[in-house]
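The next block holds one structure in the form of structure tokens; read it before the comments.
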Amino acid sequence: GGFIVLDGETFELKGNWENGCEVPPETGYDFCYHARQNVLISSAGLVPKRAGRGFFPDDFGKGVFGRRLNVWSLCCHTLTQCFDLGEDSLPLTVRLLHNPDAAEGYVACALSGVIYRFFKCEANRWAVEEVIRIPPKEVENWIMLKMPAFTVDLIISRDDRFLYLSNWLHGDIRQYELSKNCEPKLVGQVFVGGSILRGGPVIVIKDEELKCQPDPLVIKCKRVYGGPCKMQLSRDGRRLYVTNSFYSTWDRQIYPTMVKEGSVMLQIDVDTEKGGLSVNKNFLVDFGKEPNGPCLAHDIRFPCEDSAS
Numbered sequence: 008g009g010f011i012v013l014d015g016e017t018f019e020l021k022g023n024w025e026n027g028c029e030v031p032p033e034t035g036y037d038f039c040y041h042a043r044q045n046v047l048i049s050s051a052g053l054v055p056k057r058a059g060r061g062f063f064p065d066d067f068g069k070g071v072f073g074r075r076l077n078v079w080s081l082c083c084h085t086l087t088q089c090f091d092l093g094e095d096s097l098p099l100t101v102r103l104l105h106n107p108d109a110a111e112g113y114v115a116c117a118l119s120g121v122i123y124r125f126f127k128c129e130a131n132r133w134a135v136e137e138v139i140r141i142p143p144k145e146v147e148n149w150i151m152l153k154m155p156a157f158t159v160d161l162i163i164s165r166d167d168r169f170l171y172l173s174n175w176l177h178g179d180i181r182q183y184e185l186s187k188n189c190e191p192k193l194v195g196q197v198f199v200g201g202s203i204l205r206g207g208p209v210i211v212i213k214d215e216e217l218k219c220q221p222d223p224l225v226i227k228c229k230r231v232y233g234g235p236c237k238m239q240l241s242r243d244g245r246r247l248y249v250t251n252s253f254y255s256t257w258d259r260q261i262y263p264t265m266v267k268e269g270s271v272m273l274q275i276d277v278d279t280e281k282g283g284l285s286v287n288k289n290f291l292v293d294f295g296k297e298p299n300g301p302c303l304a305h306d307i308r309f310p311c312e313d314s315a316s
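Take the working numbering: the last position of the sequence shown gets the number 316, and nothing is skipped along the way.
This is the structure we're talking about:
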């Protein structure tokens, strides 16, 4: 759960970042920092060697899936707090608000479907609270009886008005209004694939949110397989870009057709006034047409600063 430091020009390994302190027992996944608040927040993630085998229910309860959110002193390079978010919760993406005076942010837990808000409650002390919970779906013809949302990515708009989530297994992208930070309000949702599509092998037995299974997505005559994974939001907040590959071994297991045909990048048009999401049917980057064969696209970054910074 610690960090290494690389030379910014040569990428030569310079050593560990933490200052000789005891590091969390779990591996690390994502982190963000706030210099003004003297804090670095990191998430636990997955055990790489086990995760590389694929997604197996037998791994539950064995420490393969992380459960902790860690708080570090940025100037001292020491661990100051550790929050247990529940066994096999799998906290992944961590984001802070963009407002330099705000001392709060959010972390998405992929397997529990819970989004936690973390915030500074007193001098040098932080707290967490659950603000969003996405219920699993009871299904047939899948590797488990209950399918988690598997929230991979979390993006906050540069004006801190909206929060976006990508649910890789359920297949939807969600937009929440953050006008009341402790009570995010769902204002937009769109399906761009996933494992519960109408006509697919998985049958949904019980769904606390949907009345019927969503239809497959077709753009420019291409059927989109896979589920929404990593996202990037334009600076004006009106265009949300998304890819659909998470981890190649997991892709082969969950979305084998996507691996065969290559992943895609989509554009989601955003209503920044009232809230709302829609797929732009005129935009498609097809990584199945790469010169050396189909590719799996994962992360998205803009030159210089972006909404994930």
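Each residue gets a CB set at the ideal place from its N, CA and C atoms; glycine is no exception.
- Annotation for T85: the continuous beta strand (DSSP E) segment containing it runs T85 to D91.
- Excluding the 5 residues flanking it on each side, N106 has same chain C-beta neighbours closer than 6 Å at D167, in chain order.
- Partner residues in the beta bridge of V78, as assigned by DSSP, are I48 and Q88.
- By the Cβ rule, the segment 232 to 250 counts as touching the segment 156 to 166, because three or more pairs are nearer than 8 Å.
- In the structure shown, A134 falls within a strand segment according to DSSP collapsed to helix, strand and coil.
- Membership of P223 in any beta strand (DSSP E) is not indicated, and neither H nor E is assigned to it by DSSP.
- Per DSSP, the beta-bridge partners of H41 are V46.
- Between F72 and L118, the CB-CB gap stays under 8 Å.
- The Cβ neighbour count for S255, taken over all protein chains shown within 10 Å, is under 16; the residue is labelled exposed.
- Between the alpha carbons of V121 and I139 lies a gap of roughly 6 Å.
- For E268, the uninterrupted alpha helix (DSSP H) run begins and ends at P263 to E268, by DSSP.
- Between the C-alpha atoms of V135 and Y123 there is a straight-line separation of about 6 Å.
- DSSP assignment within the segment 159 to 209 yields the following whole beta strand (DSSP E) runs of 3 residues or more, N-terminal first: 169 to 174, 179 to 184 and 192 to 198.
- Cβ contact annotation for G195 (same chain, cutoff 6 Å, sequence separation greater than five): Q182, G282, G283 and L284, in chain order.
- Per the Cβ contact rule, the segment 92 to 102 is in contact with the segment 42 to 62 (3 or more Cβ pairs under 8 Å).
- Note on geometry: alpha-carbon atoms of F62 and K69 lie some 13 Å from one another.
- The shortest CA-to-CA distance from C236 to any of R57, V159 and M265 is the one to V159.
- Relative to the Cα of I212, the nearest Cα in the group D258, L273 and W149 belongs to W149.
- In the DSSP assignment, A58 falls within the unbroken alpha helix (DSSP H) covering P55 to A58.
- Taking C-beta separations shorter than 6 Å and ignoring five residues to either side along the sequence, the partners of H41 in its chain run L103, following chain order.
- A contact between stretches requires three or more CB pairs, one per stretch, nearer than 8 Å, and the segment 264 to 273 meets this requirement with the segment 219 to 236.
- Per DSSP, the continuous beta strand (DSSP E) segment holding K229 begins and ends at K229 to V231.
- Looking at the backbone, the Cα of K218 and that of P143 are separated by about 14 Å.
- Between I307 and Y248, the CB-CB gap stays under 8 Å.
- In this structure, DSSP gives K288 a state outside helix and strand, which the three-state scheme calls coil.
- Membership of K21 in the beta strand (DSSP E) is indicated by the continuous run L20 to N23.
- Excluding five sequence positions before and after G269, the CB atoms of its chain that fall closer than 6 Å to its own CB belong to F294, G295, P301 and C302, given in chain order.
- Secondary structure of T100 (DSSP, three-state): strand.
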